[in-house]
Amino acid sequence: MSCAAGGAPVHPSAVEDLSARVREALSRLTALWRAWENLRLDPALGMSTWWLHHAKPHLQDLLDADTGPLSACSPEGHTAYAYPPLPLEPADPALWLSPAFSAAPPAGSAGDA
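In terms of my numbering, the sequence shown is numbered consecutively and its last residue is 274.
Have a look at this one:
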């Protein structure tokens, strides 16, 4: 028996565990999407609430290299070993000058009257 992505043969109990892990990942991603769709409409605290109370905990669990539901998945199939963390590069400092990070309301908003 092989995993869903067509990888190397694995024990049937591992496939059952993989199936549960995939269901957990899909459930968490669905919860993230639903929370985003609701909170993106809140101009005051929506983004902060989403990042702190939804994105961070779910992504932290989903991407945990040791215990997350995606910890041993790859495009080639399920593996016995986790992959190393993705590389991290610092953001361009100019990014923080974007109007999206400004405290001023956007031009043409109700605050301009």
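All residues carry an ideal CB built from backbone N, CA and C; glycine is no exception.
Looking at the secondary structure, which residues open and close the alpha helix (DSSP H) in which residue 218 lies? 217-223
Report the residue from 250, 230, 256 whose alpha carbon sits nearest the alpha carbon of residue 182. 230
Chain B within 8 Å of residue 260, Cβ atoms only: Among the chains of the structure shown, chain B does not appear; only one protein chain is present.
Are the CB atoms of residue 226 and residue 193 within a distance shorter than 8 Å? no
Alpha-carbon spacing of residue 168 relative to residue 191, whole angstroms: Caution applies to residue 168, whose pLDDT of 47 falls short of 50 and renders its modelled position unreliable; the value that the coordinates give is listed next. Rounded to the nearest angstrom, the two C-alpha atoms are 26 Å apart.
Closer than 7 Å to a non-hydrogen atom of the ligand GTP - does that hold for the CB of residue 250? Questions concerning the ligand GTP fall outside what the structure shown contains, since it holds no ligand whatsoever.
For residue 261, which option in 205, 247, 234, 233 has the closest C-alpha, if you only look at C-alpha atoms? 205
With a cut-off of 8 Å on the beta carbons, I'd call residue 210 and residue 200 a contact; round off their distance for me. 6 Å
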